[in-house]
Each structure stands twice: as structure tokens, then as C-alpha cells.
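Colleague: Numbering (my numbering), first residue to last: 1 to 117. All C-beta atoms in this analysis are idealised placements derived from N, C-alpha and C, irrespective of residue type, glycine included. Predicted, not measured: the structure shown is a model, and the values here were computed from it.
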């Protein structure tokens with residue numbers, strides 16, 4: 001099981017890196033890759049991205065401008081969205097690892113029980 005921990009750590013780091021790159025470069029391809037890698041939990045994270053963006057724009061817009069004079073998003077909004085999206089996708093990767101671990105343990109337990117009979 002030691003290999004599983006190393007693989008899980010690398011997987012979570014990869015998903016977190018992809019989500020951070022998607023926010024820093026403002027490129028949807030990185031977010032799409034993070035969603036695909038974290039399926040099926042990634043769908044919930046993707047919904048969370050849109051909810052987070054709406055909440056940040058709505059609530060943050062009460063206190064600060066959400067756009068700059070040239071029409072781009074304000075830096076506080078981009079930063080907050082990047083941090084939030086990275087947290088959402090990293091959390092989705094962690095949940096995926098926990099689900100995979102649970103399935104692997106259940107499968108090993110059933111194999112051992114079948115071998116005993």
C-alpha cells in the first residue's frame with residue numbers, strides 16, 4: 001500500500017497544480033484537465049467554481065470594483081478565484097483518493113474472504 005500513498009500524493013499535487021495554472025494563466029484547458037482527472041467528484045468541484053465566482057463577484061462587488069478600467073477582471077477577484085478554484089479541485093482530488101482507497105480496501109477484503117472459503 002506504500003505505492004498507493006505516493007501515487008495519491010502525486011495525483012493530488014498534479015490536480016492542484018493544474019487548477020493553479022488554470023487560474024494564473026486564465027486558461028480553461030487546465031481547469032478542464034483537472035475536472036477530467038477528478039471525475040466524478042470533479043463535476044461537483046466545477047459547479048463549486050461557478051458558485052464561488054458568483055459569490056465573489058456579488059459579495060465582493062459590494063465593497064470593491066470587479067473590473068478594471070480596461071475591462072479586465074480586478075486583481076483581487078482573479079486572485080481570490082484562483083485560490084478558491086485550486087482549493088476546490090484539490091479537495092475533489094482528495095475525495096477521489098479516499099473513494100479509490102475505500103474501493104481498493106473493499107476489493108482486497110473480498111479477495112481474502114474468497115481465498116479463505
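1. Among the residues of its own chain, which have a CB less than 8 Å from the CB of residue 80, if the five just before and after it don't count?
2. Return the chain-ordered list of same chain residues with a C-beta closer than 8 Å to the C-beta of residue 53, the five sequence neighbours on each side being excluded.
3. What did DSSP end up calling residue 90 once you bin it into helix, strand or coil?
4. Can the beta-carbon of residue 16 be found less than 8 Å from the beta-carbon of residue 90?
5. Would you kindly work out how many angstroms separate the C-alpha atoms of residue 48 and residue 63, rounded to a whole number?
6. Report the CB separation of residue 93 from residue 11 in whole angstroms; it is logged as a contact under 8 Å.
7. Cβ of residue 30 within 8 Å of Cβ of residue 37?
Modeller: In this structure, then:
1. 56 and 60
2. 81
3. helix
4. yes
5. 22 Å
6. 6 Å
7. no
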